[in-house]
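Numbered according to mature numbering (1 follows the signal peptide of the UniProt record, and there is no 0), the sequence shown spans residues -22 to -1, 1 to 307.
Inspection log for the structure reproduced underneath, given as structure tokens.
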Amino acid sequence: MGYRGLFFLLIFSFSGLSGFLAENEEAAGLVMNYYKDTCPQAEEIIKEQVKLLYKRHKNTAFSWLRNIFHDCFVESCDASLLLDSTRRVLSEKETDRSFGMRNFRYIETIKEALERECPGVVSCSDILVLSARDGIVSVGGPYIPLKTGRRDGRKSRADILEQYLPDHNESMNVVLERFANIGIDTPGVVALLGAHSVGRTHCVKLVHRLYPEVDPALNPDHVEHMLHKCPDAIPDPKAVQYVRNDRGTPMKLDNNYYRNILDNKGLLIVDHQLATDKRTKPYVKKMAKSQDYFFNEFSRAITILSENNPLTGTQGEVRKQCNLANKNQ
């Protein structure tokens, strides 16, 4: 083989190799401790920030838990939820389905702490997932080892949100189907809805069960409390009118939720359906009896949710600010 032939062979080999590497980088999956070399303190910084924020603002833990559901459920776990609206595009967090979501500014607090340690390294989507993991621990839930290595998307998905996200008033058929679309089975659905064990529900979301007539499925002892908390048939969405999801242990993620919904004290239609539908009721009963079983299924479902179609390798970007896509793309 002459010099020219050898030259072309080398060029072809290197171009093939670079193509192979690029393909595999793009297809690279999530791994445990992704930042061990590039930002060894990343997960510890997130954990400390979550603890600090929870100490100052207890409701941040509920926000982190709701964030992972609203972001990862809609096509990809890529922090699209965190993007602000632009002149052309409405953000996911400003849609009706994101009603009551808050504390997005504290995600920026966590991001700023990471940027001081390792500028431009840790993605907002990994911050969103790991803050949920650590928020779950803050409210007494299990520690769930989660993989990292996600990259951030560049566009909001507000226009397709309704196609993916199940609503609290939808039939159990629709709820189970939406979860199944991302690989979460029936016990996983029952476990994830156990997140309703903590936090509160605004009266806007539940007055249809009280007015003009009280839903006969509701426990009469609980109705009195609900009417006291939600005295208006058309509540002001900006008013602080809400009912605690679990009056017994409102700040603790536990299996008390399942005992409540079996006693007809679920606030939302989906809570009631979970306790009465023949497909889900056996798992509700099992979780009401065993917190270990609830935690095991909850951990499994959160893991599947956190790994839903992430951007990895060379896909997406690492945002400098979590509410804005980078300008240089």
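Beta carbons: idealized from backbone N, C-alpha and C, even for Gly.
Residues of the same chain with a CB within less than 8 angstroms of the CB of Leu283, apart from the 5 flanking positions on each side, are Ile46, Phe47, Cys50, Phe51, Cys55, Ile160, Ile162 and Leu170 in chain order. Each residue's CA atom was taken as its position, placing Lys125 and Val9 some 5 angstroms apart. Comparing alpha carbon positions, the residue from Glu53, Asn233, Gly244 and Gly226 closest to Pro198 is Gly244. Tyr235 counts as buried, since no fewer than 16 other beta carbons sit within 10 angstroms of its beta carbon.
Under the three-pair Cβ rule at 8 angstroms, the region 181 to 199 counts as touching the region 238 to 257. Between Asp241 and Gln269, the C-beta spacing is not below 8 angstroms.
Shown here, His206 sits in a helix according to DSSP, grouped into three states.
Within the same chain, Thr126 and Arg128 come within 6 angstroms of Asp104 by CB-CB distance, once the 5 residues on both sides are set aside. Inter-residue distance for Lys263 and Leu31 is about 35 angstroms (C-alpha atoms, whole angstroms). Just so you know, the alpha carbons of Met229 and Asn306 end up roughly 42 angstroms apart.
Counting only residues of its own chain and dropping the five nearest sequence neighbours on each side, Val67 has a CB closer than 6 angstroms to the CB of Ser134. By the CB criterion at 8 angstroms, Cys300 and Leu60 fall inside the cutoff. Rounded to the nearest angstrom, the Cβ distance from Gly166 to Ala279 is 4 angstroms, consistent with a contact under 8 angstroms.
In this structure, the alpha-carbon of Ala39 lies about 12 angstroms from that of Leu106.
Annotation: Val218 is outside any alpha helix (DSSP H) and is labelled neither H nor E by DSSP. According to DSSP, residue pairing for Arg83 in a beta bridge does not occur. By the Cβ neighbour-count rule, Pro213 is buried, with 16 or more other Cβ atoms within 10 Å of its own.
Using a 10 angstroms sphere on the CB of Lys216, the tally of other CB atoms stays under 16, which defines it as exposed. At the C-beta level, Asn223 and Arg187 stay beyond 8 angstroms of one another. By the Cβ neighbour-count rule, Arg83 is exposed, with fewer than 16 other Cβ atoms within 10 Å of its own.
Per DSSP, reduced to three states, the secondary structure at Arg129 is strand.
Unbroken alpha helix (DSSP H) runs of no fewer than 4 residues, entirely contained in the region 227 to 251, are found at 234 to 240, following chain order.
Relative to Gln293, the option among Arg132, Arg156 and Arg65 whose CA is nearest is Arg132.
The beta-carbon separation of Asp62 and Leu246, rounded to 29 angstroms, does not stay under the 8 angstroms limit for a contact. For Arg156, the enclosing alpha helix (DSSP H) has its first and last residue at Met150 to Ala158. The C-beta distance from Ile88 to Gln27 rounds to 4 angstroms, short enough to fall under 8 angstroms. Shown here, Leu124 sits in coil according to DSSP, grouped into three states, outside any helix or strand. Per the C-alpha coordinates, the member of Glu202, Arg111 and Ser149 positioned closest to Phe273 is Arg111.
Counting only the Cα atoms, His174 lies some 26 angstroms from Asp137.
For Tyr220, the closest alpha carbon among the candidates Cys181, Tyr189 and Glu202 is that of Cys181. Within the DSSP secondary-structure output, Glu295 pairs in a beta bridge with Asp130. Residues of the same chain with a CB within less than 6 angstroms of the CB of Ser277, apart from the 5 flanking positions on each side, are Pro120 and Ile122 in chain order.
His48: member of the alpha helix (DSSP H) spanning Thr38 to Cys50, first to last residue.
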